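Residue 1458 in the working numbering sits at position 68 of the sequence shown; the count goes up by one each step and never skips. What follows is a short report on a single structure.
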Amino acid sequence: MQDFTGKVAFITGGASGIGLAMAKVFGRAGMKVMLADIEPAALAAAVEELRGLQVRVEGVVADVTSRDSLKSAALETIAKFGKVHVVCNNAGVGSGGAFGTVPPKDWAWVVDVNQLGVVYGMETFAPLMMSHGEGGHFVNTASMAGMVSPPGMEPYCATKFAVVAMSEGWAMQLAPHDIGVSILCPGFVKTRIHESRRNRPPEYGPDSQPPGFDSSLSSPVLTGIPVEPVAERVLEGIRDNDLYIFTHPEMRGAVEARFQNILAAFDKSAASPALSVLPDRAPPELNL
Ligand SMILES: NC(=O)c1ccc[n+]([C@@H]2O[C@H](COP(=O)([O-])OP(=O)(O)OC[C@H]3O[C@@H](n4cnc5c(N)ncnc54)[C@H](O)[C@@H]3O)[C@@H](O)[C@H]2O)c1
């Protein structure tokens, strides 16, 4: 997508952090913005702030864990702005802890928001983008935690790896419809992600998070990079139809180390006596 003027963006988790920063950058680039968020007060404040910056913005309370909620938000966006061209499936929450201590319902909560929320966003908005025929772009917020998996972050990493995997496939499927898909993979960014539990709904049961997880996150998050360059980088990524959008080039080594381990394991399997009985095979066609 080269021309942003007059285009319409829909951003989940738009009332805070990276989502709100994307709204500001998109607004400056001439886009109209619909902010969607589960937190009504923060949403109202964000809309007011953006209007003060002369951004053409509306807000809608939406919970990404509900297909119906996203569908209503999509209908409201169409009612307000007519079309949607860019969708940022950005809402996300964090949980983790030492092995065996993650509250069982936290697994469901993190999967519902971080993984299924992205599925529902894609499935709600892709048909709308296809219907207007002007092309479009999805930005699915994963994380560096979708590339490497530090211990103690398993629920979060599992969902962020899933966002990477799903988005890689969707990018290929949607390209013929002139719809791009980018995967945003930031390292630590200064936001309120370490306070995610403010949005943990009561239906996930009593909040029995192991002590220390949020506080162990707060220091790297609060000393993370500011949100604005991340949002500017997202705009570059949409413009160039980048599949992966990284914001922390200094973390490249961690990804290289992981892939070196994986490739070493392939080398080991190639030399394995157990497999040596098999005939030579061609790689399967995976359309990669
Ligand atoms: N901050 C970081 O260091 C960092 C790093 C990598 C990836 N991320 C990802 O960036 C995205 C944005 O997070 P952030 O860092 O700006 O944190 P944030 O807490 O400041 O913003 C997250 C937003 O998501 C909203 N939200 C939470 N649950 C929701 C739901 N069910 N439905 C709708 N909205 C909901 C929150 O109200 C909040 O406005 C997340 O996906 C997060 O995992 C953050």
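Think of the CB as a built atom: it goes at the ideal place given N, C-alpha and C, for glycine as much as any other residue. Because the structure is a prediction, the values reported are computed rather than measured.
Original post:
Quick one: what's got a C-beta closer than 6 angstroms to Ala1621's C-beta in the same chain, skipping five residues either side?
Top reply: Contacts found: Ala1411, Met1412, Val1415.
**OP:** Could you name the residues that DSSP lists as bridge partners for Asn1400?
**Re:** The amino acid occupying residue 1400 in the given sequence is Phe; Asn does not appear at that position. Secondary-structure assignment with DSSP links Phe1400 through a beta bridge to Met1424, Val1477.
Subject >> Sequence-distant residues of the same chain with beta carbon closer than 7 angstroms to Ala1516, five excluded per side >> reply: Excluding residues within five positions, the ones whose Cβ falls inside 7 angstroms are Leu1564, Ile1569.
Original post:
Should Ser1533 be listed as close to ligand 1, given that the test is whether its C-beta is under 8 angstroms from any heavy atom?
Top reply: Checking the 8 angstroms criterion, the Cβ of Ser1533 is within range of a heavy atom belonging to ligand 1.
**OP:** Inspect the CB distances between the region 1605 to 1621 and the region 1574 to 1585 and report whether three or more fall short of 8 angstroms.
**Re:** Yes, since at least three Cβ pairs between the region 1605 to 1621 and the region 1574 to 1585 fall closer than 8 angstroms, the two stretches touch.
Subject >> Three-state secondary structure assigned by DSSP to Gly1442 >> reply: It is helical.
Original post:
Is it true that the CB of Ser1572 sits closer than 9 angstroms to the CB of Ile1628?
Top reply: For Ile1628 and Ser1572, yes; Cβs fall inside 9 angstroms.
Original post:
For ligand 1, any of its heavy atoms closer than 8 angstroms to the Cβ of Asn1504?
Top reply: Yes, Cβ of Asn1504 sits closer than 8 angstroms to a heavy atom of ligand 1.
**OP:** Below 7 angstroms CB to CB, which residues in the same chain sit around Ser1608 once its five sequence neighbours on both sides are set aside?
**Re:** The answer, listed in chain order, is His1584.
**OP:** Could you say if the region 1665 to 1672 and the region 1640 to 1649 meet the contact criterion of at least three C-beta pairs nearer than 8 angstroms?
**Re:** Contact check between the region 1665 to 1672 and the region 1640 to 1649: fewer than three CB pairs, one atom from each, fall below 8 angstroms, which does not count as touching.
Original post:
Which of helix, strand or coil does DSSP assign to Thr1467?
Top reply: In the structure shown, Thr1467 sits in a helix (DSSP, three-state: H, G or I).
Original post:
Mapping DSSP to helix, strand and coil, what is Asn1504?
Top reply: DSSP places Asn1504 within a helical segment (H, G or I) once states are collapsed to three.
Original post:
Taking all protein chains shown into account, do 16 or more other C-beta atoms lie within 10 angstroms of the C-beta of Met1562, making it buried, or fewer, making it exposed?
Top reply: With fewer than 16 other Cβ atoms from the protein chains shown falling within 10 Å of its own Cβ, Met1562 counts as exposed.
**OP:** Give me the Cβ distance between Met1421 and Ala1452, rounded to the nearest whole Å; I'm assuming they're in contact under 8 angstroms.
**Re:** About 19 angstroms separates the two Cβ atoms, so there is no contact after all.
Subject >> Sub-9 angstroms separation of Ser1598 and Gly1484 beta-carbons >> reply: The answer is no: Cβ separation not under 9 angstroms.
Subject >> Delimiting residues of the alpha helix (DSSP H) encompassing Tyr1546 >> reply: Where Tyr1546 is concerned, the enclosing alpha helix (DSSP H) stretches over 1544 to 1564.
**OP:** Using only the heavy atoms of ligand 1, determine whether one of them is closer than 8 angstroms to the beta carbon of Tyr1634.
**Re:** At a threshold of 8 angstroms, Tyr1634 does not count as near ligand 1, since its beta carbon sits no closer than that to any of the ligand's heavy atoms.
Original post:
Which residues in the same chain have their Cβ closer than 7 angstroms to the Cβ of Val1503, if we skip the five residues on either side of it in sequence?
Top reply: Counting only residues of its own chain and dropping the five nearest sequence neighbours on each side, Val1503 has a CB closer than 7 angstroms to the CB of Val1454, Thr1455, Ala1481, Gly1482, Val1483.
Original post:
By Cβ distance, which residues of its chain are closer than 6 angstroms to Phe1394, with the 5 residues on each side in sequence left out?
Top reply: If we look at Phe1394 and ignore the five residues flanking it on each side, its Cβ neighbours are Ala1419, Gly1420, Met1421.
Subject >> Option in Arg1441, Ile1468, Ala1434, Ala1405 with minimal Cα separation from Lys1397 >> reply: Closest option to Lys1397, Cα to Cα, is Ile1468.
**OP:** Report the three-state DSSP secondary structure of Glu1448 (helix, strand or coil).
**Re:** For Glu1448, the secondary structure class from DSSP, reduced to helix, strand or coil, is strand.
Original post:
Mapping DSSP to helix, strand and coil, what is Gly1526?
Top reply: Reduced to three states, the DSSP call for Gly1526 is strand.
Original post:
Can the beta-carbon of Gly1511 be found less than 9 angstroms from the beta-carbon of Met1391?
Top reply: Between Gly1511 and Met1391, the gap from beta carbon to beta carbon reaches 9 angstroms or more.
Subject >> Host alpha helix (DSSP H) of Ile1628 (start-end) >> reply: Boundaries of the alpha helix (DSSP H) harbouring Ile1628: 1617 to 1629, taken from the DSSP string.
Subject >> Through-space distance from Gly1536 to Thr1549, alpha-carbon basis >> reply: So the alpha carbons of these two residues sit roughly 8 angstroms apart.
Original post:
If you run the structure through DSSP and keep just helix, strand and coil, what is Leu1574?
Top reply: Leu1574: strand per DSSP, three-state reduction.
Subject >> Cα-Cα separation, Leu1440 to Glu1448 >> reply: CA-CA distance, Leu1440 to Glu1448, rounds to 9 angstroms.
Original post:
Looking at C-alpha atoms only, which residue of Phe1471, Pro1566, Tyr1546, Leu1433 is the closest neighbour of Arg1446?
Top reply: If we check each option's Cα against that of Arg1446, Phe1471 comes out closest.
Subject >> Phe1636 - containing beta strand (DSSP E), residue span >> reply: Bounds of the beta strand (DSSP E) holding Phe1636 are 1634 to 1636.
**OP:** With distances taken Cα to Cα, identify the nearest neighbour of Val1337 among Arg1642, Phe1528, Ala1555, Leu1653.
**Re:** Here the chain covers residues 1391 to 1678 and nothing more, so residue 1337 does not appear.
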